[in-house]
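Note sheet for the following structure.
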Amino acid sequence: LPARLRTPVVVSQRAADPGRRGAGLAPSDQSLGNRHGTGIPHLSPARSGLGASGARLQRRHAHHADDRQRRARLWHPPAHVQDGELAAPGGCRGAHVSGRVLLLVVGLVLGLGLLLVGGAVLVFRPEAHSRPRRAATPLRPHVTRRHPPPRKVAPSALEQRRAIGRLVKLGYPVYCGGGRKRDVALTFDDGPGPYTPIALRMLRRAHARATFFLVGKVLKWFPGMPRKEAKLAALGDHTWTHSHVPSLSAQAIRRELARTKRAVTQLSRSPVLLYRPPYGVSSRAASSAARRLGLVEVLWSTDSADSAGADPRQILADVTAGLHPGAIILMHENRGQTLKALKAILRRAKRRHLRPVTVPELLAADPPSLAQLRKGVAACARP
Numbered sequence: 012l013p014a015r016l017r018t019p020v021v022v023s024q025r026a027a028d029p030g031r032r033g034a035g036l037a038p039s040d041q042s043l044g045n046r047h048g049t050g051i052p053h054l055s056p057a058r059s060g061l062g063a064s065g066a067r068l069q070r071r072h073a074h075h076a077d078d079r080q081r082r083a084r085l086w087h088p089p090a091h092v093q094d095g096e097l098a099a100p101g102g103c104r105g106a107h108v109s110g111r112v113l114l115l116v117v118g119l120v121l122g123l124g125l126l127l128v129g130g131a132v133l134v135f136r137p138e139a140h141s142r143p144r145r146a147a148t149p150l151r152p153h154v155t156r157r158h159p160p161p162r163k164v165a166p167s168a169l170e171q172r173r174a175i176g177r178l179v180k181l182g183y184p185v186y187c188g189g190g191r192k193r194d195v196a197l198t199f200d201d202g203p204g205p206y207t208p209i210a211l212r213m214l215r216r217a218h219a220r221a222t223f224f225l226v227g228k229v230l231k232w233f234p235g236m237p238r239k240e241a242k243l244a245a246l247g248d249h250t251w252t253h254s255h256v257p258s259l260s261a262q263a264i265r266r267e268l269a270r271t272k273r274a275v276t277q278l279s280r281s282p283v284l285l286y287r288p289p290y291g292v293s294s295r296a297a298s299s300a301a302r303r304l305g306l307v308e309v310l311w312s313t314d315s316a317d318s319a320g321a322d323p324r325q326i327l328a329d330v331t332a333g334l335h336p337g338a339i340i341l342m343h344e345n346r347g348q349t350l351k352a353l354k355a356i357l358r359r360a361k362r363r364h365l366r367p368v369t370v371p372e373l374l375a376a377d378p379p380s381l382a383q384l385r386k387g388v389a390a391c392a393r394p
């Protein structure tokens with residue numbers, strides 16, 4: 012504190028004497044004036060002309076000055092605290108700690124405390140004891156299969172047309188595939204009909220594909236059905252009138268095949284590459300006409316016997332007996348008993364790890380060899 016504040020204020024006898032007028036200002040008057048911050052000294056009683064009352068006023072000012080001095084001592088820092096340094100009260104100037112160092116120490120202590128608290132939470136977390144840790148998934152899990160997985164990628168449309176083209180040039184009817192893949196072909200004759208939407212729905216639910224051989228004269232009653240069938244299956248030519256082919260002339264059979272192929276192509280907007288003679292009986296003229304139209308003659312390796320009046324249980328037994336890789340299954344889509352057995356047939360195929368595909372897909376992915384074509388249906392038998 013300034014020296015003038017630490018100096019006790021003493022009321023001057025000269026200022027307290029009421030009889031001495033014009034003696035000027037007493038030292039206490041100057042101190043009081045400066046202490047008030049005005050710079051204007053108080054008038055002494057002699058100067059003011061108040062007499063005894065002025066003396067009392069002067070003493071009151073002195074008492075107030077002493078009170079303010081005591082307050083200044085309380086509010087101002089002591090002498091041993093200077094310029095942001097903490098010195099020892101006893102005057103030990105060397106034992107001081109910088110404010111920055113103090114803050115650093117406090118920060119380190121707080122950080123260490125937070126780390127200890129976090130570690131305790133991790134160690135004693137309830138979830139760590141109640142939930143078992145999941146085992147890491149291996150990059151290449153070891154999977155054992157009795158049979159290889161079914162083919163997932165179907166041959167492209169170009170590959171299918173090329174496979175059909177090679178078989179057309181060979182001139183042999185096809186009874187089955189090569190038997191080297193786990194593919195089978197489910198085929199339906201004599202459509203379309205009222206049961207066709209049901210068959211399509213069942214195939215779609217089973218993620219299966221099939222082949223439909225259509226009769227030309229029936230298309231006028233179901234003109235929108237070939238388009239729906241083409242989204243899930245391949246379409247084939249089953250002649251226009253479903254007549255006995257050997258009884259037709261070469262010109263008649265050529266007309267039947269050409270007319271049906273054109274109508275099915277227009278309604279389905281998809282190519283027709285297959286031909287199946289009604290009742291499975293063909294002729295040399297019919298085979299020649301089919302080759303000219305770019306159609307391969309497709310028969311079957313397994314007959315479901317649904318056209319002969321077999322019940323669903325017998326249909327399932329007949330199909331299951333010939334359900335093997337490369338098989339071509341004959342069924343009819345206009346038979347209610349066939350649809351009753353179709354769901355079980357699809358389950359049997361899945362159980363045997365067989366994938367139902369279209370005939371063009373089967374012939375492109377697993378074509379029969381020339382020796383198999385020459386043997387005919389005998390090459391499709393399985394022990």
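The numbering used here puts the first residue of the sequence shown at 12, with every later residue one more than the last.
C-beta: ideal position from N, C-alpha, C; glycine also.
Quick caveat, the model's predicted, so the values are computed rather than measured.
1) Could you give the distance in angstroms between the alpha-carbon of P378 and the alpha-carbon of A174?
2) Which of helix, strand or coil does DSSP assign to P160?
3) Three or more C-beta pairs closer than 8 Å, one from the segment 252 to 269 and one from the segment 203 to 220: is that the case here?
4) I'd like to know if L211 contacts chain D, where contact means its C-beta is closer than 8 Å to some C-beta of that chain.
5) Could you pull the DSSP bridge partners for V2 from this structure?
6) Determine the direct distance from the alpha carbon of V164 to that of T155, and round the result to whole angstroms.
7) Relative to the alpha-carbon of S258, which residue among P289, T276 and W232 has its alpha-carbon at the smallest distance?
8) Take R287 and list the residues in its own chain whose beta-carbon comes closer than 6 Å to its own, dropping the five residues that flank it on each side.
9) Could you check the C-alpha separation between V185 and C391 for me, to the nearest Å?
10) If I follow the unbroken beta strand (DSSP E) through T252, where does it start and stop?
11) Buried or exposed: where does R393 fall if 16 or more other Cβ atoms within 10 Å of its Cβ makes it buried?
12) If I measure Cβ to Cβ from S294 and keep anything under 6 Å in the same chain, skipping five residues before and after, which residues do I get?
13) When we look at the beta-carbon of S260 and count the other beta-carbons within 10 Å, is it buried (16 or more) or exposed?
14) Roughly how far, in whole angstroms, is the beta-carbon of L243 from the beta-carbon of V370, given that I think they are within contact range, below 8 Å?
15) Less than 8 Å separating the beta-carbons of P367 and G190?
16) Taking just the CA atoms, how far does A321 sit from Q348?
17) Tell me whether S312 is buried or exposed, calling it buried when 16 or more other Cβ atoms sit within 10 Å of its Cβ.
18) Mapping the DSSP letters down to three states, classify R302 as helix, strand or coil.
19) Tell me where the beta strand (DSSP E) around R346 begins and ends.
20) Have a look at A352 and L278 and give me their C-alpha separation to the nearest angstrom.
21) Under 8 Å by Cβ, that's how I've got E372 and G202 pegged, so tell me the actual separation to the nearest angstrom.
22) Might you give, ordered along the chain, the residues of its own chain that have their beta carbon closer than 6 Å to the beta carbon of F233, omitting 5 neighbours on each side?
23) Below 8 Å between beta carbons: does that hold for L365 and R193?
24) Figure out for me which residue from L381, V388 and R111 has the closest Cα to the Cα of L178.
25) Skipping 5 residues on each side, what residues in its chain have a beta carbon closer than 7 Å to that of R265?
26) Check T222 in the structure and name its three-state DSSP category.
27) Assign V120 to buried or exposed, taking buried as 16 or more other Cβ atoms, counted over all protein chains shown, within 10 Å of its Cβ.
28) Between which two residues does the beta strand (DSSP E) carrying V195 extend?
29) For A332 and R346, I'd like the C-alpha separation in whole angstroms.
30) Tell me where the alpha helix (DSSP H) around A390 begins and ends.
Working from what's here:
1) Their backbone Cα atoms lie some 8 Å apart in a straight line.
2) Unreliable placement is indicated for P160, whose pLDDT of 49 sits below 50; the coordinate value is still reported in the next sentence. Coil at P160, not helix or strand.
3) No contact exists between the segment 252 to 269 and the segment 203 to 220.
4) The chain inventory of the structure shown lacks chain D, comprising one protein chain alone.
5) As shown, the chain starts at 12 and ends at 394. That puts residue 2 outside it, with no answer to give.
6) In this prediction, T155 scores a pLDDT of 48, lower than 50, which makes its location untrustworthy; the coordinate-derived value is nonetheless stated afterwards. Looking at the two C-alpha atoms, the distance is approximately 21 Å.
7) The candidate whose alpha carbon is nearest that of S258 is P289.
8) Counting only Cβ-Cβ distances below 6 Å, and skipping sequence neighbours, we find F224, G247, H249 and V309.
9) So the two alpha carbons sit approximately 10 Å from each other.
10) Bounds of any beta strand (DSSP E) do not take in T252, whose DSSP letter is neither H nor E.
11) It counts as exposed.
12) Excluding sequence neighbours, S294 sits near V256 and P257.
13) Looking at its Cβ environment, which holds fewer than 16 other Cβ atoms inside 10 Å, S260 is exposed.
14) Not confirmed; about 14 Å, so no contact.
15) No; because the gap between Cβ atoms is not below 8 Å, this pair is not in contact.
16) The straight-line gap from Cα to Cα measures roughly 8 Å.
17) Classification of S312: buried, given that the 10 Å Cβ count is 16 or more.
18) Helix, per DSSP.
19) First-last for R346: undefined, no H or E at that position.
20) Rounded to whole angstroms, A352 to L278 spans 29 Å at the Cα level.
21) Actually they are not in contact, since the Cβ atoms of E372 and G202 sit about 19 Å apart, beyond 8 Å.
22) For F233, where only same-chain residues beyond five positions count, the Cβ hits under 6 Å are P203.
23) Between L365 and R193, the C-beta gap is smaller than 8 Å, which places the two residues in contact.
24) With distances taken between Cα atoms, L178 lies closest to L381.
25) So the qualifying residues of the chain are A300.
26) Taken through DSSP and simplified to helix, strand or coil, T222 comes out as strand.
27) Taking all protein chains in view, the Cβ of V120 is surrounded by fewer than 16 other Cβ atoms within 10 Å, so the residue is classified as exposed.
28) That run of the beta strand (DSSP E) goes D194 to G202.
29) Rounded to the nearest angstrom, the two C-alpha atoms are 20 Å apart.
30) Unbroken run through A390: none, as it is neither H nor E.
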